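Visitor:
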Amino acid sequence: MTSGADAAVPSIGLNDENTLPVLSVGVGELSDADAERAVSAALEVGCRSIDTAAVYGNEAGVGRAIAASGIPRASCSSPPSWPTPTRLRGLAAGL
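Going by the UniProt record's numbering, 24 is the number at position 24 of the sequence shown; the sequence numbering is gapless.
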């Protein structure tokens, strides 16, 4: 298995010249401990996109996995997830 720095998850180019990884690990429904294990495994194989949200209640496990990996937090991305109270208020205001 390829790990860490040698691994690369392909990305696709967007119209605005940003890129989006084709693989993201989701931790919704996972316990804190399971989220930590899932994120650790994903980071090990090159995944840097983590679908997480405060409503999942497993942010501590996600944070521990990132910290233990030695990968800079800035190298990991988290796509927006719904719902959070702030986003729901923003959504309602935009309707």
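Idealized CB from N, CA, C, for every residue including glycine. Please read all numbers here as calculations on a predicted model, not as lab measurements.
Between L23 and C47, which are expected to be in contact by the criterion C-beta below 8 Å, what is the C-beta distance as a whole number of angstroms?
Guide: On the sequence shown, residue 23 is found 23 positions in, with the first residue counted as 1. On the sequence shown, residue 47 is found 47 positions in, with the first residue counted as 1. Right, their Cβ atoms sit about 5 Å apart.
Visitor: Span of the alpha helix (DSSP H) holding I71?
Guide: Taking the first residue of the sequence shown as 1, we reach residue 71 at position 71. Segment: none, I71 is in no alpha helix (DSSP H) and carries neither H nor E.
Visitor: For the alpha helix (DSSP H) that contains L14, what are its first and last residues?
Guide: Numbered from 1 along the sequence shown, position 14 holds the residue referred to as residue 14. From DSSP, L14 is part of no alpha helix (DSSP H); its letter is neither H nor E.
Visitor: Please classify G46: does DSSP put it in a helix, a strand, or coil?
Guide: In the sequence shown, counting from the first residue as 1, residue 46 sits at position 46. In the structure shown, G46 sits in coil (DSSP, three-state: anything other than H, G, I, E or B).
Visitor: Starting from the Cα of A67, find the closest Cα among D51, T52, L43 and give me that residue.
Guide: Start at 1 with the first residue of the sequence shown, and residue 67 comes out as number 67. Measuring from the Cα of A67, the nearest candidate turns out to be L43.
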